[in-house]
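Residue numbers (the working numbering): 633 to 1296.
Beta carbons are placed, not taken as given, at the ideal position from N, Cα and C, and that holds for glycine.
Okay, so here's the structure we're looking at.
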């Protein structure tokens, strides 16, 4: 029987009073309203898999893994198995989150638990496979063994091998959205079904009304994970109640924040979770067409998304009359051109419509008049990926975790000056300190923590004095930051906070759509002020010096004007990095403005150069390379630098082969 027909046959047997087909009799345990059909079907499928009873090798081939050489590792695995005439199933999985350990390889022997190794480059593959397939667990690169899920048959653990969930990186985490990432083959619908996939959708379509789904999501306390934190159930309810025959659902996967890669990893590692969440959301608001707006710079995520959509449609989980429920849904993938402003929902809508991606005034809001003028709900990837769990396990399960105003978990992309970088998922209410030092392992080389930039260009910095701030919408706003989409960049003592503000302001200014004057001109002027205070003394005249002082005095006022008068949320949050660094690190601004000094040594033009007389032999190479004639001295005698003419270009340092030119 064809796969789709078999799935529909089993589904009808579960949800009718008819005599079920013989294959289903053994699995039917809860009468005509059993909602475990997806998992049961997966067990039936798994029982006949051609790979049963043979070893299985999984290689993490998310974008981070491929960047670390996982493609060569995968090829080496296949070559070794072929050359040694060894039968094993080789499959690819997404990123499990431990990016610092890539490339990652998991090996599972029949009847035994699955074991993971890190830093498995192509040259290490032969020794690892020879030992692991022979029943050994080499210590080099050993990461840990994985516990089986409730849907899997019990397996014998490896003695003396620690469990992966006890690793310092994973132990503090609560992995709900990332539960399948790095575990299942993202191109396999069967593996997703085997872990309870599409069970929530089946239950919803057969026994819930759209209003009941909206109420359940509202009761769960789920809030938008894209930055604004608007209650998801409330947004769905507004769209459902909006007048109109047609409605649309949009998944915003246009992840443009520097240092953010959460959406990419979820789609690459578990695309069916997103599709199931979208199907439930579309049913709840009465939409029959949905879009995934994703960055074209994510080719692997786009490919796996297309593959998942095709597989779900082939099994009747998407398309017309899903699971014989009368509900139909088509999902289209729309690739963006990389404009940061298209992360703003009205600009995103314009882009899907084929127009230039520029924001429009609100109201009307998209839930009333959105895509093609119809009621539209826009949620980001993480928000929708939370939906299947809520509808499967209930609102009480979800809102039991977290704080009073922030429920569930939050996924962060942890990067920067931290020992263990990667994708982490923690319970709401976890402190920033725990994320940086418990999950991330702290600052490398024993250096001092300085700040965490959270929320990307729209967010802010959290200093050491507020390390115990909780991951909570209200708590982060109180310290001048915001949840944002989840980028979390750690900075140590080598970071200049003025330079950080300049970096984000440069990014925002270049990405401004230019529609409104406050954002277009205001951010440009803020950037010019920041550039001025990091400019060398020798490169400005008296007028420029006066302008620099005036600009710094008016920096906060200018930021407030931009916040109050910009058209869209991106413009309104544009000054946040500057305001945050001004608030928590005013002494660094003062040093740059008055002392012309950068304590971190990052602002090159503010470095003070001098020549060590004991080392200088008077060769004159530095004098010849100086573009302003700031270096003077006689041949074979020690030279010196005139600070009034030095522009701190560093050419003298490069020219000196005696290391006599020093910078402080």
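Practice problem: Quick one: give me the first and last residue of the beta strand (DSSP E) that residue 926 is part of. | Solution: Residue 926 sits at position 294 when you count from the first residue of the chain shown. Judged by DSSP secondary structure, residue 926 falls within the beta strand (DSSP E) whose first and last residues are 921-927.
Exercise. With DSSP as the reference, label residue 777 as helix, strand or coil.
Key: As a first step, residue 777 is located in the chain shown; it is residue number 145 there, counting from the start. Of the three classes helix, strand and coil, the one that applies to residue 777 here is strand, per DSSP.
Quiz item: For residue 1280, which three-state DSSP category applies?
Solution: Stepping through the chain shown from its first residue, residue 1280 is reached at position 648. Coil.
Quiz prompt | Simplified DSSP assignment, three categories, for residue 1166 | solution = Translated into the one-based positions of the chain shown, residue 1166 becomes position 534. Residue 1166 falls in the coil class under three-state DSSP.
Quiz item: Which residue's Cα is closest to the Cα of residue 704: 743, 758, 744, 721?
Solution: For this step, residue 704 is matched to residue 72 along the chain shown. Per the Cα distances, 758.
Practice problem: Please determine, among 748, 1194, 1165, 1266, the residue with the shortest C-alpha to C-alpha distance to residue 1185. | Solution: Numbered from its first residue, the chain shown carries residue 1185 at position 553. Closest option to residue 1185, Cα to Cα, is 1165.
Self-check item: Where residue 835 falls: helix, strand or coil (DSSP)
Solution: Position 203 of the chain shown, counted from the start, is the residue given in the question as residue 835. For residue 835, the three-state secondary structure derived from DSSP is helix.
Exercise. Tell me, please, which residues DSSP counts as bridged to residue 721.
Key: Here the question's residue 721 lines up with position 89 in the chain shown. According to DSSP, residue 721 bridges with 688.
Self-check item: Unbroken stretches of the beta strand (DSSP E), 3 residues or longer, contained in the segment 750-809
Solution: Along the length of the segment 750-809, whole beta strand (DSSP E) runs at least 3 residues long occupy 774-777, reported in chain order.
Quiz item: Between the C-alpha atoms of residue 1012 and residue 1088, what's the straight-line distance to the nearest angstrom?
Solution: Stepping through the chain shown from its first residue, residue 1012 is reached at position 380. Stepping through the chain shown from its first residue, residue 1088 is reached at position 456. Cα to Cα, the separation comes out at about 16 Å.
Self-check item: Cα-Cα separation between residue 893 and residue 1051, rounded to whole angstroms
Solution: By one-based count along the chain shown, residue 893 stands at place 261. By one-based count along the chain shown, residue 1051 stands at place 419. If you draw a straight line from the Cα of residue 893 to the Cα of residue 1051, it comes to about 18 Å.
Quiz item: What's the gap between the Cα of residue 951 and the Cα of residue 958?
Solution: On the chain shown, residue 951 is found 319 positions in, with the first residue counted as 1. On the chain shown, residue 958 is found 326 positions in, with the first residue counted as 1. Rounded to whole angstroms, residue 951 to residue 958 spans 11 Å at the Cα level.
Exercise. Output yes or no for whether 8 Å exceeds the beta carbon distance between residue 1237 and residue 1263.
Key: Against the chain shown, residue 1237 aligns to sequence position 605. Against the chain shown, residue 1263 aligns to sequence position 631. No; because the gap between Cβ atoms is not below 8 Å, this pair is not in contact.
Exercise. For residue 1293, collect the residues of the same chain with a Cβ closer than 7 Å to its Cβ; drop the 5 residues on either side in sequence, then sort them by chain order.
Key: Along the chain shown, one-based indexing puts residue 1293 at 661. The answer, listed in chain order, is 1241, 1243, 1254, 1284, 1285.
Self-check item: Counted within 10 angstroms of its Cβ, other Cβ atoms place residue 711 as buried (16 or more) or exposed
Solution: If you number the chain shown from 1, residue 711 lands on position 79. Exposed.
Exercise. Kindly indicate which residue of 1130, 982, 1200, 1214 has the alpha-carbon position closest to the one of residue 1228.
Key: As a first step, residue 1228 is located in the chain shown; it is residue number 596 there, counting from the start. Residue 1130 is the option with its Cα nearest to residue 1228.
Quiz item: Beta carbon of residue 1040, beta carbon of residue 1034: below 8 Å?
Solution: Looking up residue 1040 in the chain shown gives position 408. Looking up residue 1034 in the chain shown gives position 402. Residue 1034 is positioned such that its CB atom lies closer than 8 Å to that of residue 1040.
Quiz item: Is the number of C-beta pairs between the segment 935-944 and the segment 695-709 that are closer than 8 Å three or more?
Solution: In the pairwise beta carbon analysis, the segment 935-944 is classified as not touching the segment 695-709: fewer than three pairs are separated by under 8 Å.
Practice problem: With DSSP collapsed to three states, give me the class of residue 1078. | Solution: Counting from 1 along the chain shown, the entry for residue 1078 is found at position 446. For residue 1078, the three-state secondary structure derived from DSSP is helix.
Quiz item: What residue does the beta strand (DSSP E) around residue 901 start on, and which one ends it?
Solution: Position 269 of the chain shown, counted from the first residue, corresponds to residue 901. Run containing residue 901: none in the beta strand (DSSP E); it sits in the alpha helix (DSSP H), 894-901.
Quiz item: According to DSSP, which residues form a beta bridge with residue 883?
Solution: Translated into positions along the chain shown, residue 883 becomes position 251. Beta-bridge pairing links residue 883 to 924, 1011.
Quiz item: Taking C-beta to C-beta, are residue 727 and residue 865 nearer than 8 Å?
Solution: Along the chain shown, read from residue 1 onward, the residue named residue 727 stands at position 95. Along the chain shown, read from residue 1 onward, the residue named residue 865 stands at position 233. No. Outside cutoff.
Quiz item: Whose C-beta lies closer than 6 Å to the C-beta of residue 1290 among residues of the same chain, with five residues either side of it excluded?
Solution: In the chain shown, counting from the first residue as 1, residue 1290 sits at position 658. Answer for residue 1290: 1247, listed in chain order.
Quiz item: Do you know offhand how far residue 1020's Cα is from residue 979's?
Solution: By 1-based counting over the chain shown, the position of residue 1020 is 388. By 1-based counting over the chain shown, the position of residue 979 is 347. When rounded, the distance between both Cα atoms is 28 Å.
Practice problem: Measuring only between beta-carbons, confirm whether residue 1096 sits less than 8 Å from chain B. | Solution: This model lacks chain B altogether; it includes just one protein chain.
Practice problem: Report the three-state DSSP secondary structure of residue 664 (helix, strand or coil). | Solution: For the purposes of this step, residue 664 is identified with residue 32 of the chain shown, where counting begins at 1. Model confidence at residue 664 stands at a pLDDT of 33, short of 50, so the residue's coordinates are unreliable; what they give is reported in the following sentence. Three-state DSSP puts residue 664 in a helix.
Quiz prompt | Candidates 1117, 1031, 945, 1048, of which the one nearest residue 884 by Cα | solution = Locating residue 884 in the chain shown gives position 252, counting from the first residue. Of the candidates 1117, 1031, 945, 1048, the one whose C-alpha sits nearest the C-alpha of residue 884 is 1117.
Quiz item: Is the beta carbon of residue 1232 sitting closer than 8 Å to the one on residue 1077?
Solution: Residue numbering aside, residue 1232 sits at position 600 when the chain shown is read from its first letter. Residue numbering aside, residue 1077 sits at position 445 when the chain shown is read from its first letter. In this structure, residue 1077 does not lie closer than 8 Å to residue 1232 by Cβ.
Quiz item: Cβ of residue 761 within 8 Å of Cβ of residue 944?
Solution: The residue given as residue 761 occupies position 129 in the chain shown. The residue given as residue 944 occupies position 312 in the chain shown. The beta carbons of residue 761 and residue 944 sit no closer together than 8 Å.
Quiz item: Between which two residues does the beta strand (DSSP E) carrying residue 1123 extend?
Solution: Here the question's residue 1123 lines up with position 491 in the chain shown. Start and end: 1119-1124.
Self-check item: Opposing strand residues paired with residue 1039 [DSSP bridges]
Solution: Residue numbering aside, residue 1039 sits at position 407 when the chain shown is read from its first letter. Bridge partners of residue 1039: 1034.
Quiz item: When you compare only the Cα positions, how much space is there between residue 1162 and residue 1191?
Solution: Here residue 1162 refers to the residue found at position 530 of the chain shown. Here residue 1191 refers to the residue found at position 559 of the chain shown. C-alpha separation (whole angstroms): 13 Å.
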